[in-house]
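A.B. asks:
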Amino acid sequence: MRARRAAVEFLAPALLVVAAGIVGAFVSQTTEIYFVTALISVSTVVAIYVFVGNSGVLSFGHISFFAVGVWAAGVLSIPEAEKPATMPYLFDFLRSTTVGNVSSLVIAALVAGGFALLVGLPLMRLSGLAAGIATFAVLGITNNILRYYEKIGPGLNTFSSVPESTDLLQATVGAVLVIAAAFGYQRSRFGRQLRATREDPAAARAVGVSIYRQRLGSFALSGFLAGFAGGLYIQLIPIKVDAVYIDLTFITLAMLVIGGTTSLWGAVVGALFVSGLDSVLAEMEDGMTILGVTIDLPAGSRLIVVSSVMALVLIVRPGGLTGGREFSLPRLRPAVAK
Amino acid sequence: MSALLASGLGDFLRDAVDLQVQVDAIGLGAVFALMAVGIGLVFGVMRLVNFAYGQLIMAGAFALAYASDRDWPVGVGIALCFAVVLALSLAMERVVFRPLRTQSAAVMLIATFAVAFLLQSIALLWFGPLGKTATSLVQLNRPVEIGGLEIRKITIVAILTAVVCLALLVLLLNRTSIGLHMRAAAIDAQTARLLGVRANLVSTVSVLIAGALAAVVAVMLTVQFPTVTPTFALQETILVLAGVVVGGMTRLLSATLGGFLIGYVSGLLGGALPSSQSQYLPSFLFGLVILVLLIRPDGLFTRSRGLLERV
């Protein structure tokens, strides 16, 4: 029974992601990009969930780990011949190193995870609002440095000529891997200890759980996964520094909260729901015909609808779409009467 | 950082004590302090961090730009600015804050995030990414000379307005019964309600006061930065939020001091950092924020450390 429940807890989100991947394979080339983006959002939101969901501490800093992943994977996978054009001031060792697709993703994850560990060492002593603002400060500093320090990347320029190796398959496999990591972590003793500190810090301390150590481990793992997601993203679309700042922080956190902060299932559902809504609206801005009715929204109205829906979901269902619970099959036998 | 320490520290200190830089920094601190009061007041009464505060200021600024586009008199523009900001504040309180009052801080914060983006994208759709210009009050940017210092009129106006607004607020909080109710709700909302404080009234009043302050800030900021874009005041709001937490959110005074301090420090850094490093100003500021939070997580100006919950 317990094993079955554990299997469902992992398989439900994983199968949902695979289903999205399969559907994406049967649509037109122009629609496929929406599916790939949605799957990368799943990776990103699940990465954030690993820390925010399990610890109950809000972090605005995860997009800085995502951005570090973007920078690491981007700089390392641009062909050497192309580097001087967009990044003339690059450090020598970065200019002369180019690695393949998988290695660049691994390096992106490692660099971001290391950065998260480093940042977490002092920051994980904080909680509540102080932690929120401190992680925001990390985001501000990371963005500021990536924007102007041209020895480690393109600065204000767009990342161009990164090989576009994230296709539907890579995005699906990536999302499943991230979900597997998050699942493995939340069933491990470390995950359980951290969840205990979320529910009742005093009681958790009383049974010998170190809040600091558990938060730090989770923060580093979640930074690692966010860096991986960043690597996937830059190998899909050329972006610049503004794309990995406040807007992305907001949209990913909103996905998590809308899905339900405290469950893996919620993270996946929230990411797919908001991405799906966003994609449909993007299509409508270009004019879309449903059941003979042509809907043509003015350009820019997408964000208005998305943010109103977010506010609405929070007002109507503050626990998120899933109520923060894991997916479980309905009981086959009627409950035993008490 | 090391370059700054090695070569520029002397220059930095000399520039930082320069009276001109000091006056400008205090002017910026005064505006930030007003924003801090607006954010701190709502937080005190409702335990809600209003990220959308900057978008209220942005909406007020667009109202001013709208009026100056049509050559309406300054007074009408300012009245329009107040009307727009107050109406938006009321709507926000009724539609979003009130239903979510019992929810966790994270849910409320994300909801204000959503409101912020809603207002920002409406502004983007309406006025475009380049925004509009508000020019009716720019004459306040002209400097007057006082004792060899070139002080822009707006700096004097900002400092005086901040002092007057804060004095009025102190009177309201300490000398009226609604002020007493607000202070009671800020200390213990549950008990205050049991004693007959009307929660809805108190939260409406605090949101309205915060809105009025946002309108005042909108007027001051448009004088200094006449180009109004959809991201107007966003950077400032983020800094003030950080400042408010650094100062200590539990009391209005410490939150206000925190807001003033971050404005003042950012003014000092802006005036005294050598130009080669000024692009890294946000990093210096945020670095200081992290440092202070690590040393005093409950706030720089709070009296006692928060007690850890014991079993």
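If you read the protein sequences in the order shown, they are chains R and Y. Sequential numbering of the first sequence, starting at 15, is according to this note's numbering. Sequential numbering of the second sequence, starting at 1308, is according to this note's numbering. All C-beta atoms in this analysis are idealised placements derived from N, C-alpha and C, irrespective of residue type, glycine included. From a predicted model like this one, the values you see are computed outputs, not experimental measurements.
With C-beta atoms as the reference, is Val1344(Y) less than 8 angstroms away from Ser1513(Y)?
C.D. replies: no
A.B. asks: Taking only beta-carbon positions, decide if Leu1425(Y) is within less than 8 angstroms of chain R.
C.D. replies: Chain R, which has a Cβ nearer than 8 angstroms to the Cβ of Leu1425(Y), makes this yes.
A.B. asks: Specify whether the region 142-153 of chain R and the region 1550-1562 of chain Y touch according to this definition: at least 3 beta carbon pairs, one from each stretch, less than 8 angstroms apart.
C.D. replies: yes
A.B. asks: Which runs of the alpha helix (DSSP H) fall wholly inside the region 1557-1611 of chain Y and span at least 4 residues, in chain order?
C.D. replies: 1559-1579, 1588-1602
A.B. asks: For Arg206(R), report the span of its alpha helix (DSSP H) as first-last.
C.D. replies: For Arg206(R), the enclosing alpha helix (DSSP H) has its first and last residue at 203-213.
A.B. asks: Chain Y beta carbons: is any one of them nearer than 8 angstroms to that of Leu132(R)?
C.D. replies: Contact with chain Y is absent for Leu132(R), since none of that chain's Cβ atoms lies less than 8 angstroms from the residue's Cβ.
A.B. asks: What separation, rounded to the nearest whole angstrom, lies between the Cα atoms of Val1530(Y) and Leu1546(Y)?
C.D. replies: 20 angstroms
A.B. asks: In whole angstroms, give me the CA-to-CA distance for Leu191(R) and Gln200(R).
C.D. replies: 14 angstroms
A.B. asks: Check whether the region 1569-1583 of chain Y touches the region 117-126 of chain R, counting contact only when three or more Cβ pairs, one atom from each stretch, lie closer than 8 angstroms.
C.D. replies: no
A.B. asks: Check whether chain R comes within 8 angstroms of Leu1407(Y), counting only Cβ atoms and requiring the distance to be less than that.
C.D. replies: yes
A.B. asks: Contact defined as beta carbons within less than 8 angstroms: I believe Gly88(R) pairs with Gly167(R). What is the distance between those atoms, to the nearest angstrom?
C.D. replies: 7 angstroms
A.B. asks: Using a beta-carbon distance cut-off of less than 9 angstroms, what residues from the region 274-286 of chain R approach chain Y?
C.D. replies: Against chain Y - using a Cβ distance shorter than 9 angstroms - the residues of the region 274-286 of chain R are Thr275.
A.B. asks: Could you give the distance in angstroms between the alpha-carbon of Gly280(R) and the alpha-carbon of Gly1382(Y)?
C.D. replies: 51 angstroms
A.B. asks: Does the separation of the CB atoms of Phe287(R) and Leu230(R) fall below 8 angstroms?
C.D. replies: no
A.B. asks: Using C-beta distances below 7 angstroms, list every residue in its chain close to Ala1359(Y), excluding the 5 sequence neighbours before and after it, in chain order.
C.D. replies: Met1399, Thr1419, Val1422, Ala1423, Leu1426
A.B. asks: Counting C-beta neighbours from all protein chains within 10 Å, is the total for Asn1448(Y) 16 or more, i.e. buried, or is it exposed?
C.D. replies: exposed
A.B. asks: Taking C-beta pairs closer than 8 angstroms, name the residues in chain Y that Gly314(R) reaches, listed in chain order.
C.D. replies: Ser1428, Leu1431, Leu1432
A.B. asks: So, at 8 angstroms on beta carbons, what are the nonlocal neighbours of Ala210(R) in its own chain, with the 5 sequence-adjacent residues on each side left out?
C.D. replies: Closer than 8 angstroms at the Cβ level, and outside the excluded window around Ala210(R), lie Ala217, Ala218, Val221, Val223.
A.B. asks: Taking 8 angstroms as the CB-CB limit, is Leu1341(Y) close to chain R?
C.D. replies: no
A.B. asks: What does Leu1600(Y) reach in chain R if we use C-beta pairs closer than 7 angstroms?
C.D. replies: For Leu1600(Y), the C-beta contacts it makes with chain R under 7 angstroms involve Leu140, Ala144, Ile147, Ala148, in order along the chain.
A.B. asks: Return the Cβ separation of Leu1515(Y) and Leu1431(Y) in integer angstroms, given the expectation that the two are a contact with Cβ distance under 8 angstroms.
C.D. replies: Going by Cβ atoms, the distance from Leu1515(Y) to Leu1431(Y) rounds to 27 angstroms, so no, they are not a contact pair.
A.B. asks: Have a look at Phe1567(Y) and Ala1469(Y) and give me their C-alpha separation to the nearest angstrom.
C.D. replies: 10 angstroms
A.B. asks: Assess, as a yes-or-no matter, whether the region 1561-1577 of chain Y is touched by the region 122-137 of chain R under the definition of 3 or more beta carbon pairs within less than 8 angstroms.
C.D. replies: no
A.B. asks: Taking just the CA atoms, how far does Asn157(R) sit from Glu1452(Y)?
C.D. replies: 39 angstroms
A.B. asks: Closer than 8 angstroms is the cut-off here; do at least three beta carbon pairs connect the region 1535-1543 of chain Y with the region 1452-1461 of chain Y?
C.D. replies: no
A.B. asks: Can you name the start and end residues of the alpha helix (DSSP H) that Pro136(R) belongs to?
C.D. replies: 115-137
A.B. asks: Residues of chain R with CB under 8 angstroms from Gly1594(Y), in chain order?
C.D. replies: Ala151, Ile155
A.B. asks: Which residues share a DSSP beta bridge with Leu1456(Y)?
C.D. replies: Ile1453(Y)
A.B. asks: Hey, Leu328(R) and Leu1407(Y) are a contact pair by Cβ (cut 8 angstroms); roughly how many whole angstroms apart?
C.D. replies: About 7 angstroms; that satisfies the 8 angstroms criterion.
A.B. asks: Quick one: any contact between the region 77-85 of chain R and the region 295-312 of chain R, if contact means 3 or more CB pairs under 8 angstroms?
C.D. replies: no
A.B. asks: Is the shortest distance between the beta-carbon of Pro136(R) and the beta-carbons of chain Y less than 8 angstroms?
C.D. replies: yes
A.B. asks: I'd like to know whether the C-beta atoms of Ser91(R) and Pro177(R) end up nearer to each other than 8 angstroms.
C.D. replies: yes
A.B. asks: Against chain R, with Cβ distances strictly below 8 angstroms, would Val1618(Y) count as a contact?
C.D. replies: Interpretation of Val1618(Y) is limited by its pLDDT of 43, a score under 50 that renders its predicted location unreliable; no figure is taken from the coordinates.
A.B. asks: Which one or two residues does DSSP pair with Ile309(R) in a beta bridge?
C.D. replies: Met302(R)
A.B. asks: Please tell me whether Gln228(R) and Thr180(R) are closer than 8 angstroms, where the distance is taken between their beta carbons.
C.D. replies: Remark: C-beta atoms of Gln228(R) and Thr180(R) do not approach each other more closely than 8 angstroms.
A.B. asks: Examine chain R for any beta-carbon lying closer than 8 angstroms to the beta-carbon of Ala1398(Y), and answer yes or no.
C.D. replies: no
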